[in-house]
Structures are given as structure tokens and as C-alpha cells.
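Accompanying notes for the structure given below.
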Amino acid sequence: MASVRLIQNRQLDDVATSPLTSSICEPTAAASGNNIFVTGNWFASRSTTGGANFAFVDPFTAFPSAAGGVCCDQVVLYDPSRDIWIWILQYIQTGGSNIFRVAISRGGSFGSWYYWDFSPRALNSAWTDMWFDYPDAAISANHLYITFNAFNSAGRFQRAFVFKLPLDTLRNGTSLGYQWWSTTANGSLRLTQGAMTTMFFASHNGGTTLRVYSWPDGSGTIGSFDVNVSAYSAGPYSAPGPGGAEWLARTDSRITGAWLTGTRAGFMWTAGAGAGRPFPYVKVAVVDTVTRSLTGQPDIWNTSSAFAYPAACPNAQGVVGVSLFFGGGTRHPSHVVGFRDGEAWRLVITSSSTHGPSGGTWGDYLSCKRYQPQTSEWVASGYTLQGGTDRRNVAPQYVRFGIG
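Counting from 1124, one number per residue, gives the positions in the sequence shown under the working numbering.
Shown next, in the form of C-alpha cells:
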């Protein structure tokens, strides 16, 4: 029986984060050899020593100012085929609109960035009261795909976007021709990690229906199909830890993990407690993209604590790795990584919190990516609270793991 091998399990300190942290930390991580980049809601951190030490990178001053300045949500990826780092930053909504910025750093000059900005108004001049929020990103063989929700100034959902940017152009830094698509029918579109010539992404479509979209690299046309999954609860969510400290107060059922291996696409989200599931758990749906049918539902659950906020990515051999949280009952929220081994999930705790968050605030997403160049391994992001409930007690986690 295979086990999870923690190759590197590094907690970022105040020097690495400044500490611009929050219990809604939203960390992401990517790595290429000794070069590592980690982002959080308000911080970024870089290592050129394989994680032996990290240097704080200030997202508020790293680039010329735009819109109302950097707001929050960030995502980092590394594309080994072009040897480029991709850093996506969301900016503050002002006057009903904002931008997101896509910054690129070539591997040979890691830490030196050039960038492009995207705004709703640039897509449609009538969209003066629309701003981007809640990013996701994944790469295929030839493109970077980015998703965002869009809201108006009153905070009401307007539509969801998918952007398709050519990786060659991002590497070369030339004039950026790109495609985009939007829908008002579905929100919080989650992209599959591990895609090759076609990007699959999905969203809930009401009740137990999952809507799966496909966008081939070489096409401007998006297809979709619906798949039904077994019944689950979309909340309310609760899993208080020691002393009654709640950490799932802002949790919802948005898909937060997705992957593609061959013709199988998997999607993961947090489901509420229900029959046979005494605590919130991770609902999993695996879909055959050719037959357009559901092939499995290998949920991640526990009888004494909750699982939440999953992220997922396949390694080069098609084994699915995960990064998620585990907490409630006798346990404060803990970060967990692992993989799917045949018919079972093999999981291990990387770090456990000493406290639960004040106000129940936690989330909203994590990351799991392939480690480069050892593509049988993964890198994951997480965080815990250490020694208190102040934001200075938030300890982001960088983890490199494999199959033992």
C-alpha cells in the first residue's frame, strides 16, 4: 500500500509574508527546481533556494498602480513547456469596475515581470458597472485559461468569464491576441488541472446537475453537457472545533478542485453533512468526457471531523493529488495533502492549527500543482493558525509531496 511522502513541508514566517496574511488566506504555490513562488490574499513570497528561505514580494508595489490598487485574490502557476511563471492579481473595484493583471516572468529572469491588464469595460464598453472576482487558472498544451466571476457595484452576480491566452505570446511578450467567453447561466467555473489539447471546466447547474464545458485549444467554440450526481447538501456548513470555534461559516458548494486524466475529468466541492456523512465532506464526481457519463463518486469524508476546500491535480502518471483542510470536533483546522491510490484516498496532515479562527472565517481556495521537473510529485499550498487568532498567527504552508 502506497503512502504519502512529505518531501518538503515549510511554514512561511513573517519575513516571508510581511505579514500580510488573513484567515481567508487563499494561498497558491508553484515550483520549478529551486525556484518557488507562493501567493496569498495580500502577500507573495519567492524562494530561489528550494524553500530554504523565502523573500517577501509586495504585490502592492511590485507593479505600477492601476484601478484602486491590488485588492486580494491571486494565483500563481509555472509552465514548464515555455519556462514561464504566471502571476494573476485581482485589483480593487472602483467606480463599479476593476482589472485583473496577468504578469509573466521568464525562468531565466525569475522575479522580473511584464504584464497585461484586463477590464470588463475593455471587453464591452457598456459594462461600466461590472468587476472581476474569484479567479481560477490552468494551462493546457498551448494556452493559459483564466476564469472570473463578475459582479456589479451592488454585489450582485452578473456573469462568469473564461479567458484563453496563447502561451507562446505570453512567453514572447508580444501583442496579446486572445479569446474570451462568458455566461450568465453558471458561475464559479472551475478549470481542470492536467488538460492537454482541450480544457474542461464545470459549474453546478442546479440541484444535483453538473454542467461540464469543453474548449479545445484549436477552436473558438465551447461545448457542454450535463451530468447528474447523487444527492448532497449545499449547506449550512458547520464543524466547530475545540471550544466551539467555527471555521466553516463562509463555506459554500462552489467547485474548488478539478483535474483531467485521459478521458476522465474530476470535480470536487465541499458538501454539507447528510445521511451517512455526520460532518461536511468533499463531494467528488468523475466524468467520462467521451461518453459524457458519471463514472465514480469517491468522496472524501470522516466520522469525527470535516473536510473542506479541496484542490486537485494529476501527476504525470495520472495519479490525482489533493490539498484540502480537515477540522472540527477535537481538531482545529488542519492542512492535509494526499493522493488517490486505487480505490482509496491516502492523506496526511502537514500542519494543525492551535486555534480556530475568530468569526468563523476561513477559505476560500487552495492549490495543488505538479512539481517541476519531478512530475510524479506535487506542490501544494495550505495554512494554519499558530499561537493565536490574529492575522500574525496565520502560517501559510508550502508542501512538496509524492508517493512513498
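C-beta atoms are modelled at their ideal positions from N, C-alpha and C, and glycine is treated no differently.
I'd like the list of long-range same chain contacts for residue i, defined as Cβ closer than 6 Å, with 5 residues on each side in sequence excluded.
i, result
"Ala-1388", "Thr-1315, Phe-1323, Val-1410 and Thr-1412"
"Phe-1183", "Val-1193"
"Thr-1151", "Thr-1162, Val-1198, Val-1199, Ser-1490 and Ser-1504"
"Arg-1400", "Trp-1424"
"Phe-1271", "Phe-1255, Pro-1258 and Phe-1284"
"Ala-1167", "Val-1180 and Pro-1182"
For the alpha helix (DSSP H) holding residue i, just list the boundary residues, first then last.
i, result
"Val-1138", "1137 to 1140"
"Asn-1295", "1290 to 1295"
"Ala-1245", "1243 to 1246"
Short check: CB of residue i to CB of residue j, under 9 Å?
i, j, result
"Pro-1433", "Pro-1203", "no"
"Tyr-1214", "Ile-1207", "no"
"Gly-1525", "Ile-1130", "yes"
"Tyr-1355", "Leu-1371", "no"
"Arg-1464", "Ala-1125", "In the sequence under discussion, the amino acid at residue 1464 is Asp, which differs from the Arg named in the question. Their beta carbons are under 9 Å apart, which means Asp-1464 touches Ala-1125 by this criterion."
"Ser-1146", "Pro-1480", "yes"
"Ala-1357", "Asp-1375", "yes"
"Ala-1245", "Phe-1186", "no"
"Ala-1273", "Phe-1284", "yes"
"Thr-1384", "Pro-1437", "yes"
"Thr-1251", "Gln-1281", "no"
"Gly-1483", "Arg-1373", "yes"
"Gly-1450", "Ser-1428", "yes"
"Pro-1519", "Leu-1212", "no"
"Arg-1169", "Gly-1219", "no"
"Leu-1288", "Tyr-1257", "no"
"Val-1443", "Trp-1392", "no"
"Phe-1462", "Val-1127", "yes"
Tell me the DSSP bridge mates of residue i?
i, result
"Tyr-1336", "Phe-1324 and Ser-1347"
"Pro-1519", "Tyr-1506"
"Ala-1152", "Val-1161"
"Leu-1489", "Paired residue(s): none; Leu-1489 is not in a bridge."
"Tyr-1214", "Val-1193"
"Ile-1262", "Leu-1267"
"Ala-1167", "Thr-1162 and Val-1180"
"Phe-1233", "Its beta-bridge partners do not exist; DSSP assigns none."
"Ala-1463", "What sits at residue 1463 in the sequence shown is Arg, not Ala. Per DSSP, Trp-1468."
"Asp-1202", "Ile-1207"
"Trp-1239", "Val-1225"
"Arg-1538", "As displayed, the chain neither begins before 1124 nor continues past 1527, which places residue 1538 out of reach and without an answer."
"Gln-1495", "Ser-1155"
How far does the beta strand (DSSP E) with residue i in it reach, from first residue to last?
i, result
"Trp-1424", "Neither: Trp-1424 is in no beta strand (DSSP E) and is coded neither H nor E."
"Pro-1433", "1429 to 1437"
"Met-1391", "1387 to 1394"
"Ala-1381", "1378 to 1384"
"Gln-1302", "1302 to 1306"
"Phe-1177", "Run containing Phe-1177: none; DSSP gives neither H nor E here."
"Ala-1277", "It is not in any beta strand (DSSP E) - Ala-1277 carries neither H nor E in the DSSP assignment."
"Arg-1229", "1223 to 1229"
"Thr-1473", "1467 to 1475"
"Asp-1411", "1404 to 1411"
"Gly-1444", "1443 to 1451"
"Asn-1309", "Segment: none, Asn-1309 is in no beta strand (DSSP E) and carries neither H nor E."
"Ile-1130", "1127 to 1134"
"Asp-1252", "Unbroken run through Asp-1252: none, as it is neither H nor E."
On the premise that residue j lies in contact with residue i, defined as a C-beta separation below 8 Å, what is that separation, rounded to the nearest angstrom?
i, j, result
"Gly-1364", "His-1455", "5 Å"
"Thr-1501", "Arg-1493", "It should be noted that the sequence gives Trp, not Thr, for residue 1501. At roughly 6 Å, the Cβ-Cβ gap stays under 8 Å, so Trp-1501 and Arg-1493 are in contact."
"Arg-1415", "Ala-1154", "Not quite, the Cβ-Cβ distance comes to about 35 Å (not below 8 Å), so this is no contact."
"Asn-1309", "Asn-1328", "6 Å"
"Val-1517", "Cys-1148", "6 Å"
"Thr-1418", "Arg-1313", "Wrong, their Cβ atoms sit about 18 Å apart, outside the cutoff."
"Ala-1174", "Tyr-1521", "Going by the sequence as given, residue 1174 is Gly instead of Ala. Right, the Cβ-Cβ distance comes to about 6 Å (below 8 Å), so this counts as a contact."
Using a Cβ-Cβ cut-off of 7 Å (strictly less than) and excluding sequence neighbours within five positions of residue i, which residues of its own chain qualify?
i, result
"Pro-1339", "Thr-1320 and Thr-1321"
"Gly-1511", "His-1478"
Within the present structure, is the beta-carbon of residue i separated from the nearest heavy atom of the ligand NAD by less than 8 Å?
i, result
"Lys-1406", "The ligand NAD is not part of the structure shown, which contains no ligands of any sort."
Can you find a CB in chain B that lies within less than 9 Å of the CB of residue i?
i, result
"Ala-1381", "Here chain B cannot be found, since the structure has a single protein chain."
Going along the chain, which residues of its own chain have a beta-carbon closer than 8 Å to the beta-carbon of residue i, five neighbours each way excluded?
i, result
"His-1266", "Lys-1287, Leu-1288, Pro-1289, Leu-1290, Met-1322 and Asp-1340"
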